[in-house]
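Taking it in order: structure first as structure tokens, then the write-up.
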Amino acid sequence: MSYRVTDPCNGCGACGRLCPVDAIRGEKNSLHAVIRDLCIECGACGRVCPVHAVTDPFGIVCTMVKKSEWERPHFDSKTCMSCRICIDACPVHCLSLSGAASPDDPHGYPYMAEEKTCVGCGFCARECPVEAITMVVSRSG
Amino acid sequence: MGKILWVDLTAREIREEIIPDDVYERYLSGMGLAVYILYNRIPAGADPLGPENILGFVSGLLTGTGSLFAGRWMVVGKSPLTSGWGEANCGGSFSPAIKRCGYDGIFVKGISASPVYLYVKNGTAELRDASHVWGKDAIESEEMLIAETGGKSQVAVIGPAGEKCSLISGICNDRGRLAARSGLGAVMGAKKLKAVVLDGKRRIDVHNRAEIKRLSQMCNKWVQFQPPLPSGKGAAYVGTLMRVLPVQMAMDGLLYKSLLKKWGTGSMNQMSVEMGDSPVKNWKGTNEDWGIARSHSVNPDAIRRHEKVKYHCYACPLGCGGICTVQGKYGETHKPEYESVLSLGGLCMNADVDTIFHLCEVLNRAGMDTISAGAIAAFAIECYEAGILTKEDTGGLELTWGNSDAVVALIEKMVRREGIGNLLADGVKVAARKIGKSAGEYAMHAGGQELPMHDSRNDPGYGVHYAVEPAPGRHTIGAQMHYEMFQLWKVMKSLPRVKPLYFKGRKYMADEEKAEMAAACSKFMNVVNCAGLCMFGAFLGAKRIPTFNWLNAATGWHRTPEQYMEIGKRIQTLKQAFNIRHGVDPRSFRPSDRVMGKPPQTKGANRGRSIDMEKMISDYYTQFGWDPETGRPTGESMAKLGLRGGEDVV
């Protein structure tokens with residue numbers, strides 16, 4: 050299963066530049082292709098394609114979304130257990146771990162370190178075992 | 166089906182191999198996958214430091230599935246320290262990195278002509294020149310390799326100890342954590358493989374992630390429950406109380422978890438000495454030699470004052486680790502573990518906590534096992550005391566008990582393999598043989614592996630596992646205390662129950678029930694190590710950490726705990742068969758006499774205790790259907806597990 054780039058593709062290369070695993074190949078102004086074995090189904094290509102040329106693994110055409118309207122993770126520090134699963138799950142390494150929260154709470158917690166890098170894939174929320182992450186539109190990207 | 170990556174350093178070839186489903190069904194993944202590969206593919210009699218030895222880096226079946234505590238990776242190979250099955254494991258972030266590259270394990274054979282590192286990213290793998298980091302310490306190397314590969318890689322790397330093939334060297338990740346035992350850093354050094362650098366982003370598929378999350382949330386409630394605890398000093402006196410009482414309270418992992426959450430493993434620093442669990446003065450001392458007043462500098466509260474932030478391994482809700490601020494050139498270091506504090510402290514009678522912090526960082530950077538280093542220093546001090554080693558031999562060092570500066574200087578010489586350090590850098594067994602005279606009497610080891618900081622005269626179960634495990638001298642498999650905390654009888658009714666309160670004398674009886682408990686610990690820990698779980702998580706107790714349910718949810722199987730334990734038994738038998746194939750006599754792993762109370766101590770917590778280890782070892786072998794005298798798996802025991810003992814056992 051993977052995303053696919055289909056005929057309407059105009060070869061603008063936006064998807065390839067955003068793909069976190071370099072799974073999209075193609076010459077400028079020509080039809081691009083997704084390498085199935087590399088695709089991690091983050092959906093970034095679909096969100097950025099201006100000509101609706103990307104389909105998801107179920108064959109549904111993806112809709113372009115303005116970057117400022119992409120969902121991004123919001124952390125509930127009371128539920129978070131500092132396990133770092135979200136940081137590992139992030140394919141673009143945009144999350145990081147803070148220093149000790151306070152003298153009374155010596156744990157570090159995940160936070161959005163590089164918001165511009167976030168592709169809104171939601172892998173962090175999907176993998177969080179205790180549902181401490183919700184994906185929300187922050188309108189700051 | 167899963168994949169492993171094969172690297173031949175001699176031929177400079179890299180290829181993927183598909184692992185059939187039935188291998189996973191019979192061996193799970195992680196440790197089980199590793200023993201299946203190594204048993205079948207390392208030729209009998211292979212030189213551990215030669216090209217035929219295979220070094221494996223494996224993740225766990227549950228790693229990346231959302232299961233808690235599933236962040237352990239393992240390194241495996243034929244051990245140059247014991248000449249048999251070798252394994253070591255470590256936390257941090259390296260285990261999921263293996264999975265994110267799309268592999269369940271990375272296996273390396275051959276020897277490179279020059280130093281290299283393996284770099285894996287987005288479906289490509291290549292060997293790169295490592296001459297610029299060869300000779301640099303493990304942390305510096307890790308930072309350089311991360312920087313030159315984009316800043317986000319995970320790295321397993323050897324330090325100078327591994328490069329110089331010290332037989333007590335390990336493999337480092339997460340800036341100073343070490344997979345330390347079995348001397349597998351030397352195998353990596355001999356192969357001229359400086360590091361494995363991983364930058365994978367693959368999704369990890371799970372049969373039923375929602376169910377795993379449900380189980381994890383249930384488990385997390387137990388982890389986050391934190392009862393009030395005494396101060397560090399109070400904890401030490403709890404140890405005193407445990408020593409003087411004639412009865413023993415069965416250890417509940419919930420209490421131990423609470424200690425870990427507050428202080429880390431260092432919670433036991435003084436408590437263990439007080440109750441007789443920690444060996445002192447190269448195993449000839451007692452709690453009276455290293456009492457609360459003398460060892461106050463390593464009290465858990467004293468250590469915690471250095472902690473600037475807690476450290477969690479991947480997928481760990483507990484966070485027993487920490488990063489500490491320290492004086493001196495390094496500035497900070499990982500919070501010293503109990504094992505490191507007691508081996509570099511009480512075992513050498515060293516009460517200077519600053520030197521312990523310093524040595525931990527020195528050894529982490531060198532990639533050298535802190536347990537073995539402390540044990541070797543204690544061995545050398547006793548040799549010096551006995552006149553077997555002289556001041557001339559030591560290069561002017563006054564190796565006396567409690568001489569902190571001398572311990573530091575000695576261990577730094579070991580790291581550099583300089584003078585007496587070169588003699589000692591391959592462990593106490595090798596050193597005793599080279600020194601000759603009566604040095605062997607002072608070498609505390611099992612099969613060449615220096616012993617951890619848990620006294621078998623206090624808990625004979627430790628002694629059993631030191632002696633019977635295919636990778637001997639381990640405190641991370643079983644003991645009476647481990648069995649009590651695992652609480653396996655709550656999910657497997659056929660296993661012996663432990664009463665909440667029992668007379669201490671019961672602990673020292675070499676009866677069949679002890680063997681059943683020990684065998685259960687071995688089998689269960691094999692499952693834990695297949696899953697990639699942390700032992701401290703398993704200590705929560707079988708009803709609180711859903712090991713078997715997680716495995717079913719991750720795979721889609723519907724197996725019973727008993728069926729998983731059968732896999733653990735198969736793995737243990739194949740590891741034992743590995744040793745037989747390589748000419749290792751299991752009985753040679755019997756620990757040194759002193760460790761078993763022969764002769765018994767005349768004072769202290771363990772006075773008068775002598776352990777009938779021979780019977781306990783035989784009883785353990787019987788539990789697995791192995792020959793009770795020789796420890797060799799019989800044809801019948803192999804056949805029952807579907808092991809043919811040939812080139813391909815599946």
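First to last, the sequence lines map onto chains A and B. With the first sequence counted from 1, adding 49 to any position gets you my numbering. With the second sequence counted from 1, adding 165 to any position gets you my numbering. A virtual CB, placed ideally from N, CA and C, is assigned to each residue, including glycine. Since this is a predicted model, take the numbers as computed values, not measurements.
Distance between B:Tyr495 and B:Ser443 (C-alpha atoms, nearest Å): Distance between the alpha carbons of B:Ser443 and B:Tyr495: 29 Å.
B:Ala644 beta carbon less than 8 Å from that of B:Tyr627: yes
Bridge partners - B:Cys337, DSSP secondary structure assignment: B:Val322 and B:Leu343
Contact belief for B:His875 with B:Val572 at Cβ below 8 Å, rounded distance in angstroms: The first residue shown for chain B is 166 and the last is 815, placing residue 875 of chain B beyond what the model contains.
Cβ contact check for the region 396–411 of chain B and the region 463–483 of chain B: 3 or more pairs under 8 Å: yes
Chain A contacts from the region 368–392 of chain B (Cβ-Cβ distance under 8 Å): Arg368, Arg374, Ile377, Lys378, Ser381, Gln382, Asn385, Val388 and Gln389
Neighbour flag for A:Arg133 against chain B, beta carbons, 8 Å: yes
Among A:Ile182, A:Ser187 and A:Val114, the one whose alpha carbon lies nearest that of A:Ser126: A:Ile182
Where A:Glu90 meets chain B, residues with beta-carbon distance less than 9 Å: Arg368
Residue environment, B:Gly748, which counts as buried when at least 16 other CB atoms sit within 10 Å: Counting the other Cβ atoms within 10 Å of the Cβ of B:Gly748 gives fewer than 16, which makes it exposed.
Buried or exposed by the 16-neighbour rule on C-beta atoms within 10 Å, applied to A:Arg85: exposed
Spatially closest choice to B:Lys264 from B:Arg772, B:Lys599 and B:Ala235, by CA coordinates: Nearest C-alpha to B:Lys264: B:Ala235.
Contact check, B:Leu214 vs B:Ser381, beta carbons under 8 Å: The Cβ atoms of B:Leu214 and B:Ser381 do not sit closer than 8 Å to each other.
Of the listed residues B:Asn529, B:Ser757, B:Arg709 and B:Thr720, nearest to B:Asp187 (C-alpha basis): B:Thr720
Cβ-Cβ distance between A:Asp71 and B:Asn529 below 8 Å: no
Alpha helix (DSSP H) segment containing B:Thr787, residue limits: Met778 to Gln788
8 Å Cβ cutoff met for B:Leu198 and B:Leu698: With respect to the 8 Å criterion, B:Leu198 and B:Leu698 are not classified as neighbours on the basis of their beta carbons.
C-beta atoms of A:Glu164 and A:Arg121 nearer than 8 Å: Taking the C-beta atoms as reference points, A:Arg121 is found nearer than 8 Å to A:Glu164.
Inter-residue CB distance, B:Asp534 and B:Ile333 (contact presumed, cutoff 8 Å): 5 Å
Interface partners of B:Ser258 on chain A, CB under 9 Å: Arg133, Ile136 and Asp137
Three-state secondary structure (DSSP) of B:Asn529: helix
Cβ-based burial, B:Ala176 [other Cβ within 10 Å; buried from 16]: exposed
Span of the beta strand (DSSP E) around B:Ala253: Trp250 to Cys255
Residue-level contact to chain A via CB, B:Glu472, 8 Å cutoff: B:Glu472 counts as touching chain A.
Contact under 8 Å by Cβ, B:Cys255 with B:Gly365: no
Start-to-end residues for the beta strand (DSSP E) that takes in B:Asp364: Secondary structure note for B:Asp364: its beta strand (DSSP E) is the uninterrupted segment Leu358 to Asp364.
Beta-ladder partner(s) of A:Leu146, from DSSP: A:Pro159
Selected residue, minimal CA-CA separation from B:Ile600, among B:Ile184, B:Ile323, B:Ser802 and B:Asp558: B:Asp558
Chain-order list of residues whose beta-carbon lies under 6 Å from that of B:Gly404 (same chain, five-residue window excluded): Shown here for B:Gly404: same chain residues with a beta carbon closer than 6 Å to its own, the five before and five after excluded, namely Met436, Glu439 and Met440 in chain order.
Spatially closest choice to B:Met196 from B:Glu182, B:Ile271, B:His471 and B:Gly350, by CA coordinates: B:Ile271
Span separating the alpha-carbon of B:Gly811 from that of B:Trp455: Model confidence at B:Gly811 stands at a pLDDT of 46, short of 50, so the residue's coordinates are unreliable; what they give is reported in the following sentence. Using only the alpha carbons, I get a separation of about 52 Å.
Extent of the continuous beta strand (DSSP E) to which B:His499 belongs: Glu497 to His499
Chain-order list of residues whose beta-carbon lies under 7 Å from that of B:Glu178 (same chain, five-residue window excluded): none
Inter-residue spacing [alpha-carbon to alpha-carbon] between B:Gln737 and B:Gly251: 13 Å
Paired residues, beta bridge with B:Val474 - DSSP: B:Ile488
Segment limits, alpha helix (DSSP H) that includes B:Ala176: Where B:Ala176 is concerned, there is no enclosing alpha helix (DSSP H), given that its DSSP letter is neither H nor E.
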